[in-house]
Amino acid sequence: MEETVVPDALKALIFDVDGTLAETEEAHRQAFNRTFAEFGLPWVWDQALYRELLRVSGGKERIRSFVARHDAARLNNALDALIVRLHKRKTELYTAAVSGGAVPFRPGVARLINEARALGLRLAIATTTSAANVTALLDGATGGAGHTWFETKACAEDAPIKKPDPQVYSLVLQRLGVRPDEALAFEDSTNGVRASCAAGLSVVVSESVYTKGDDFTGALRVYPDFETVTLEELRRLHAGLRYA
892 MEETVVPDAL KALIFDVDGT LAETEEAHRQ AFNRTFAEFG LPWVWDQALY
942 RELLRVSGGK ERIRSFVARH DAARLNNALD ALIVRLHKRK TELYTAAVSG
992 GAVPFRPGVA RLINEARALG LRLAIATTTS AANVTALLDG ATGGAGHTWF
1042 ETKACAEDAP IKKPDPQVYS LVLQRLGVRP DEALAFEDST NGVRASCAAG
1092 LSVVVSESVY TKGDDFTGAL RVYPDFETVT LEELRRLHAG LRYA
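Using this note's numbering, the first residue of the sequence shown is number 892, and each one after it goes up by one.
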């Protein structure tokens, strides 16, 4: 008789950053606009436009997508170098803004993380944003210790193929040495859900300001935030999926 292999219990939580850990997107948008103004560019990203642009993962990729749609005359050999300079300055402005604690964690996030740490669950980051942005947010939101809470952080520099490709999640699983069915992903976007599902992970969603009402097909559960969500609820949700 063939032996049935029962998956182990939940071992790891893998968090997206922007929109999931914190409502960072408005700070990103403002940093982009300040950068464009400094460079003398006639670009202004209002909230409606930025919501559309967020369908493209990655800041550099987002700029390129915008140029292709709204300023095609700049699609020339100089564009790549300009995008690098713009993104570098934008990162400087963003990290300066969030490192001082201007953008707190979303409701329930710190509690869930602390509960997981107390129980010995492994914690990781899987994001398309830069390592500098991640560290600035984590430390700014926690008074300096946040970057130490996560065993591994896979960022834009580590996974050049952005979500919805599963590369960043596959990398985190490899680093942790856990199977997809032993981890739970936390996301806020359609691309994030697609990426985590493509990596074989189960995923829960907390809608952010810029993703509310989007298509989260494939998620185990969609929450407005994690304020009333307990780790025990998530463990049961994860176990129910695996043993159903």
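Note that the Cβ used here is the ideal one computed from N, Cα and C, for glycine as well.
Legend entry - Straight-line Cα distance separating Trp1040 from Glu914: 19 Å
Legend entry - Secondary structure of Ala1015, DSSP reduced to three states: strand
Inset, instruction - Please say whether Thr1102 and Gly910 have beta carbons closer to each other than 8 Å? - result: yes
Inset, instruction - Please name the residue, chosen from Ala964, Ala1089, Phe906, Leu1125, that lies closest to Pro933 on a Cα-to-Cα basis. - result: Ala964
Legend entry - Assigned secondary structure, Lys1103 (DSSP; H/G/I helix, E/B strand, else coil): coil
Legend entry - Residues bridged to Tyr857 (per DSSP): The structure shown does not extend to residue 857, since the chain spans only 892 to 1135, so no value can be given for it.
Inset, instruction - May I ask you to verify whether the stretch 985–993 touches the stretch 1016–1029, counting CB pairs closer than 8 Å and requiring at least 3? - result: yes
Legend entry - For Glu1078, three-class secondary structure by DSSP: strand
Inset, instruction - Return the Cβ separation of Ile905 and Ala1076 in integer angstroms, given the expectation that the two are a contact with Cβ distance under 8 Å. - result: 5 Å
Inset, instruction - Report yes if the C-beta distance between Ala1050 and Leu1062 is below 8 Å; otherwise report no. - result: yes
Legend entry - Closest Cα partner of Phe927 within the set Lys979, Ala959, Asn968, Leu945: Lys979
Inset, instruction - Using three-state DSSP, classify Ala1130 as helix, strand or coil. - result: helix
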